[in-house]
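Chain order of the listed sequences is A and B.
Every letter in the first sequence is one number past the one before it in this note's numbering, and letter 154, counting from 1, is 229.
Every letter in the second sequence is one number past the one before it in this note's numbering, and letter 212, counting from 1, is 248.
Beta carbons are placed, not taken as given, at the ideal position from N, Cα and C, and that holds for glycine.
All figures in this text were calculated on a predicted structure; none of them were measured in a lab.
Following: one structure in structure tokens, then a few remarks.
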Amino acid sequence: MTRACSAEILYRDHSTWLQSWFRSRLGCPHQAADLAHDTFVRVLVQHDECRWQPLRKPRAFLRIIANGLLVDHYRRRSLERSYLEALAAMPEAVTISLEDKEILLETLHRIDAMLVTLPEPVRRAFLLSQLEGLTYAQIAEQMRVSVRTIKRYMQQGFSQCLAAML
Amino acid sequence: MSRGHALNQPHTPLPKAIIEEAASWLVRVEECRLSKPEQAQLDTWRSQSPQHEQAWQAALQFKGLIGSVPACVGNSVLGRQYRTDRRTVLKSIAGLAMAAPAGWIAWEQWPSLSADYRTRAGAQRQIDLPDGSRLMLNTATLVDIRFSDAERLVRLLEGEIDVTTAADPFLNKRPFIVQTGAGRVYALGTRFTVRDMGDGRIRVSVYEHAAAIQPALSGSETIVEAGQASVFDRQQATSPAPHHYQVPPWTRGQLISDNQRLDAFLAELGRYRPGILRCDPAVAELHISGVFQLKDTDQVLDVIASTLPVRVNRVTNYWVTVTRQ
Numbered sequence: 076m077t078r079a080c081s082a083e084i085l086y087r088d089h090s091t092w093l094q095s096w097f098r099s100r101l102g103c104p105h106q107a108a109d110l111a112h113d114t115f116v117r118v119l120v121q122h123d124e125c126r127w128q129p130l131r132k133p134r135a136f137l138r139i140i141a142n143g144l145l146v147d148h149y150r151r152r153s154l155e156r157s158y159l160e161a162l163a164a165m166p167e168a169v170t171i172s173l174e175d176k177e178i179l180l181e182t183l184h185r186i187d188a189m190l191v192t193l194p195e196p197v198r199r200a201f202l203l204s205q206l207e208g209l210t211y212a213q214i215a216e217q218m219r220v221s222v223r224t225i226k227r228y229m230q231q232g233f234s235q236c237l238a239a240m241l
Numbered sequence: 037m038s039r040g041h042a043l044n045q046p047h048t049p050l051p052k053a054i055i056e057e058a059a060s061w062l063v064r065v066e067e068c069r070l071s072k073p074e075q076a077q078l079d080t081w082r083s084q085s086p087q088h089e090q091a092w093q094a095a096l097q098f099k100g101l102i103g104s105v106p107a108c109v110g111n112s113v114l115g116r117q118y119r120t121d122r123r124t125v126l127k128s129i130a131g132l133a134m135a136a137p138a139g140w141i142a143w144e145q146w147p148s149l150s151a152d153y154r155t156r157a158g159a160q161r162q163i164d165l166p167d168g169s170r171l172m173l174n175t176a177t178l179v180d181i182r183f184s185d186a187e188r189l190v191r192l193l194e195g196e197i198d199v200t201t202a203a204d205p206f207l208n209k210r211p212f213i214v215q216t217g218a219g220r221v222y223a224l225g226t227r228f229t230v231r232d233m234g235d236g237r238i239r240v241s242v243y244e245h246a247a248a249i250q251p252a253l254s255g256s257e258t259i260v261e262a263g264q265a266s267v268f269d270r271q272q273a274t275s276p277a278p279h280h281y282q283v284p285p286w287t288r289g290q291l292i293s294d295n296q297r298l299d300a301f302l303a304e305l306g307r308y309r310p311g312i313l314r315c316d317p318a319v320a321e322l323h324i325s326g327v328f329q330l331k332d333t334d335q336v337l338d339v340i341a342s343t344l345p346v347r348v349n350r351v352t353n354y355w356v357t358v359t360r361q
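Laid out in structure tokens, this is it:
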């Protein structure tokens with residue numbers, strides 16, 4: 076009980092502060108409340124109950140996690156906008172169900188998170204191969220680099236994605 | 037990203053070297069079709085250890101995932117220029133409300149090849165397959181469906197499914213197979229469930245006719261008959277034991293417990309809720325029996341609080357702890 080309590084004390088003492096921290100950056104109180112909750116959930120998940128120790132600088136610690144969530148949040152927003160634009164730009168054809176749209180969106184978020192830290196050329200080569208189905212030779216020609224470089228890029232891309240899948 | 041692991045599970049990361057090797061195999065496979073000796077090399081590599089195979093399964097899962105994204109959407113979304121400039125982001129939020137979906141290409145032509153289906157925590161979903169078979173996805177489940185000329189393959193990547201097979205309309209009577217991280221389950225009749233326990237073990241419960249379990253690293257099959265269940269990992273399957281149910285309770289929206297430990301019960305209930313549901317070790321050994329409705333898990337928690345000497349602490353709705361009263 077005592078350990079669970081220290082997590083709860085953290086929540087009680089800092090949640091209002093954290094919510095206003097988010098609100099000043101997002102403008103929306105509901106999103107701010109959601110992200111503040113997400114921050115605490117992440118703290119809880121990362122800190123195993125058995126190893127729970129009181130934090131020396133709780134707000135500095137919370138701010139680091141909150142910042143990461145905020146960057147993710149912006150990134151997700153930008154993805155959602157691109158997604159809706161892509162849907163709107165499609166020619167009239169079979170309509171996709173709301174549910175499948177949602178699933179595809181989630182898949183995109185997931186892959187996007189895997190690719191986030193890849194350098195731009197690696198990411199580009201990776202998408203040309205995985206989405207367009209271009210051969211390594213075709214990608215090399217298009218990007219004006221050697222096939223060996225493309226293979227290195229692909230290796231880097233796959234390693235990162237596999238690590239994220241596991 | 038939360039993918040349905042409601043409660044923390046121990047997770048040992050694979051050595052980086054193995055991931056790198058799996059990635060370099062993927063590069064080779066994609067560069068050109070593997071020759072027979074190369075294919076044999078890959079098979080040997082995969083069988084070197086469970087971790088090798090695990091990395092390779094992750095590779096296949098990734099291919100399934102990215103393969104489910106239509107190129108036109110993927111390119112503009114994943115290839116977008118991303119700016120962290122806040123003003124752009126705020127504008128984009130305003131834009132969200134206005135853009136309307138227009139249409140789709142070839143999305144529903146799927147019986148041809150493959151598709152991914154998923155449910156969130158707390159959701160269930162029925163999928164009618166092109167051969168007349170039916171899949172029911174339980175909470176937090178991810179499957180990948182691949183029908184070819186040779187087989188009807190459903191890959192269970194996460195969660196639990198209820199399978200009701202139909203006789204194959206194809207002349208060659210393609211086998212119906214559920215592929216899991218621990219091995220394959222062959223349908224020998226009509227109805228069974230397969231559940232990924234999240235710890236490398238898979239549970240198979242049969243309701244009509246029979247199913248055969250083929251653990252990945254075992255040469256022998258285990259037949260599970262109607263009314264029986266078996267749990268298997270990559271090495272072996274337990275001998276089938278009776279399960280006492282006519283239909284899977286969750287397909288009727290029920291969670292049934294019979295003198296179950298409270299921590300086990302809450303772990304089960306937690307599968308059906310987003311967020312975290314924790315059990316204080318001080319009350320873990322209390323026991324509980326009953327038939328509960330899954331559609332309102334908060335109500336189930338209230339029932340527990342009123343029948344057992346426990347208190348339900350809702351720090352937030354996504355973070356609930358059950359402690360001593």
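Item, Value
"C-alpha gap between residue 156 of chain A and residue 184 of chain A, whole angstroms", "12 Å"
"Inter-residue Cα distance where the pair is residue 149 of chain B and residue 182 of chain B", "Reliability of the predicted coordinates at residue 149 of chain B is poor, the pLDDT of 36 falling under 50, and no value is obtained from them."
"Inter-stretch contact at 8 Å, needing at least 3 Cβ pairs: the segment 239 to 259 of chain B / the segment 297 to 306 of chain B", "no"
"Selection of the segment 80 to 100 of chain B by Cβ proximity to chain A, strictly under 8 Å", "90, 91, 94, 95, 97 and 98"
"Spatially closest choice to residue 241 of chain A from B:359, B:225 and B:54, by CA coordinates", "B:54"
"Contacts around residue 213 of chain B, its chain only, beta-carbon distance under 8 Å, and the 5 residues preceding and following it disregarded", "187, 188, 189, 190, 220, 221, 222 and 223"
"Own chain, CB closer than 7 Å to residue 194 of chain A, minus 5 neighbours either side, in chain order", "none"
"3-residue-minimum beta strand (DSSP E) runs that sit fully inside the segment 225 to 296 of chain B, ordered along the chain", "227 to 232, 238 to 244, 246 to 251, 258 to 261 and 264 to 268"
"Under 7 Å from the C-beta of residue 234 of chain A: neighbouring residues of chain B", "55, 56 and 59"
"Among B:152, B:157, B:113 and B:173, the one whose alpha carbon lies nearest that of residue 187 of chain A", "B:113"
"Residue 141 of chain A in three-state terms, based on DSSP", "helix"
"Amino acids of chain A, ordered along the chain, whose beta-carbon sits closer than 8 Å to that of residue 112 of chain B", "157, 160, 161 and 164"
"Contact with chain A by residue 115 of chain B, beta-carbon distance below 8 Å", "yes"
"Simplified DSSP assignment, three categories, for residue 352 of chain B", "strand"
"Bridge partner(s) assigned by DSSP for residue 172 of chain B", "B:162 and B:198"
"Proximal residues to residue 196 of chain B (C-beta, below 8 Å), its chain only, five neighbours per side dropped", "173, 174, 175, 177, 229, 230, 231, 232 and 286"
"Under 8 Å between C-beta atoms of residue 238 of chain B and residue 216 of chain B", "yes"
"Chain B contact for residue 187 of chain A (CB, 8 Å cutoff)", "yes"
"Collapsed DSSP secondary structure at residue 361 of chain B in the structure displayed", "coil"
"Residue interval of the alpha helix (DSSP H) (run including residue 82 of chain B)", "72 to 83"
"Alpha-carbon to alpha-carbon, residue 113 of chain A and residue 115 of chain B", "28 Å"
"CB contact check: residue 116 of chain A to chain B, cutoff 8 Å", "yes"
"Chain A residues whose Cβ lies nearer than 7 Å to that of residue 266 of chain B", "Residues of chain A passing the Cβ test: none, with the nearest at roughly 27 Å."
"Helix, strand or coil at residue 236 of chain A [DSSP, three-state]", "helix"
"Assigned secondary structure, residue 86 of chain A (DSSP; H/G/I helix, E/B strand, else coil)", "helix"
"When B:92, B:74 and B:69 are compared against residue 57 of chain B, the one with the closest alpha-carbon", "B:92"
"Bridge-paired residues (DSSP) for residue 212 of chain B", "B:188"
"Where residue 222 of chain B sits in the DSSP three-state scheme", "strand"
"Rounded distance between the beta-carbons of residue 84 of chain A and residue 118 of chain A, thought under 8 Å", "Their Cβ separation, rounded to whole angstroms, is 12 Å, which puts residue 118 of chain A and residue 84 of chain A out of contact at 8 Å."
"Residue of A:90, A:95, A:163 and A:213 minimising C-alpha distance to residue 133 of chain A", "A:90"
"is_contact[residue 207 of chain A, chain B] using C-beta, thresh 8 Å", "yes"
"Nonlocal neighbours in the same chain, by C-beta distance under 8 Å from residue 282 of chain B, ignoring five residues either side", "243"
"Under 8 Å from the C-beta of residue 164 of chain B: neighbouring residues of chain A", "The contacting residues do not exist; residue 164 of chain B stays about 13 Å from chain A at best."
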